[in-house]
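These notes concern the structure reproduced below.
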Amino acid sequence: MPTQKSRKLLPQSLSRTDAVQNASRIALLVAALSQGRFDLLDEATKDRLHQPARAKLFPAMYVIFEAAREAGAHCAYLSGGGSTICALCTDNEQGIADAMLEAARSREVAAETLITAPTDRGAEIAEQA
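The structure is reproduced here in structure tokens:
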């Protein structure tokens, strides 16, 4: 999904309810991660701002989210402008990746998976132009 195209789908204004809901989810996400409360991650990554709008271009994302959760992910969500989907898990990484890939392919979405791990070093410059 081209980022520029997906940005055009975003609403020009937000309801106070949706803005407050998303802001509260950010706080919940930080608390869940810092306290190891992975059971809260699915709720913490529920979005009302960009995912519903971008689903118009990428409706298969919800099927992929569900496949990730069914395979054991704590949560799955659309990252940035799309079309990267992230799933957070503490085990069965390959099984979750395979389930997501199968779900994408079942909806004729070209996809690849990449398993990563968190780091405590923060952002780094991998390559300088």
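Numbering-wise (this note's numbering), the sequence shown opens with residue 348 and increments by one.
Glycine included, C-beta positions come from ideal geometry on N, C-alpha and C.
Can you give me the start and stop residues for the beta strand (DSSP E) that Thr431 sits inside? Thr431 to Leu435
Give me the Cβ distance between Ala407 and Arg416, rounded to the nearest whole Å; I'm assuming they're in contact under 8 Å. Not confirmed; about 15 Å, so no contact.
Residues bridged to Leu461 (per DSSP): DSSP, once it has assigned bridges, lists no residue as partnering Leu461.
Where does Arg384 land, buried or exposed, given buried means 16+ other C-beta within 10 angstroms? exposed
Start and end of the alpha helix (DSSP H) containing Ala423? Unbroken run through Ala423 is the beta strand (DSSP E), Cys422 to Ser426; no alpha helix (DSSP H).
At least three beta-carbon pairs within less than 8 Å, the region 388 to 408 to the region 439 to 447: no
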